[in-house]
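Enquirer:
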Amino acid sequence: MLFSKGPAGGRPHSGAEDESPLSGRRILVVEPSQSLPLALRGVSGVAITIVPLAAIDATLIARTAPDVVLSPLVCPEHDILDLARLLEALGYHGALRAYSAPLPNPRLILAEVRQIWHGGNFDILELPPELG
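Numbering (numbering that gives the first Met the number 0), first residue to last: 0 to 131.
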């Protein structure tokens, strides 16, 4: 799981109170809808690289060595299927996460992506609008 709930208040960890579960992680963020999802802002101890889809190649994957690739489920330039196909072709087999507003049936999308994402480590993070 990419995010975990914080203590009592149920807020995502910021890393300020204690060590974040994301501490030491390398996250590649592709085409964020706004500069960075609010859920990642203020998280410390994380290496975040933000790139457009067109910048992703084998050299970038080798240089950044991401633990997880994070992208909007759908954006004007691409959708998560386009990204999954590209990452698969480049030999990346780490975690892939899409984020979106709550969906009526995320299982349909999960099944479709998992058909082409052979690493199998794919999930959708349904974020409330204020965190997207």
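All residues carry an ideal CB built from backbone N, CA and C; glycine is no exception. Note that the structure is a prediction, hence the values are computed from the model and not measured.
Could you name the residues that DSSP lists as bridge partners for A46?
Expert: If you number the sequence shown from 1, residue 46 lands on position 47. Answer by DSSP bridge pairing, in chain order: R25.
Enquirer: Taking the beta carbon of I115 as the centre, do at least 16 other beta carbons fall within 10 Å, making it buried, or is it exposed?
Expert: For this step, residue 115 is matched to residue 116 along the sequence shown. Classification of I115: exposed, given that the 10 Å Cβ count is below 16.
Enquirer: Bridge partners for I123 per DSSP, in chain order?
Expert: Start at 1 with the first residue of the sequence shown, and residue 123 comes out as number 124. Partner(s): A97.
Enquirer: Excluding five sequence neighbours on each side, which residues of the same chain lie with their C-beta closer than 6 Å to the C-beta of L124?
Expert: Position 125 of the sequence shown holds residue 124. Only R96 and Y98 meet the Cβ criterion.
Enquirer: Under 8 Å by Cβ, that's how I've got E111 and E76 pegged, so tell me the actual separation to the nearest angstrom.
Expert: What you label residue 111 is simply residue 112 of the sequence shown in a count that begins at 1. What you label residue 76 is simply residue 77 of the sequence shown in a count that begins at 1. With 8 Å as the limit, E111 and E76 do not qualify as a contact, their Cβ atoms being about 19 Å apart.
Enquirer: Less than 9 Å between the beta carbons of D66 and G93, yes or no?
Expert: Residue 66 sits at position 67 when you count from the first residue of the sequence shown. Residue 93 sits at position 94 when you count from the first residue of the sequence shown. Yes, these two residues count as a Cβ contact at 9 Å.
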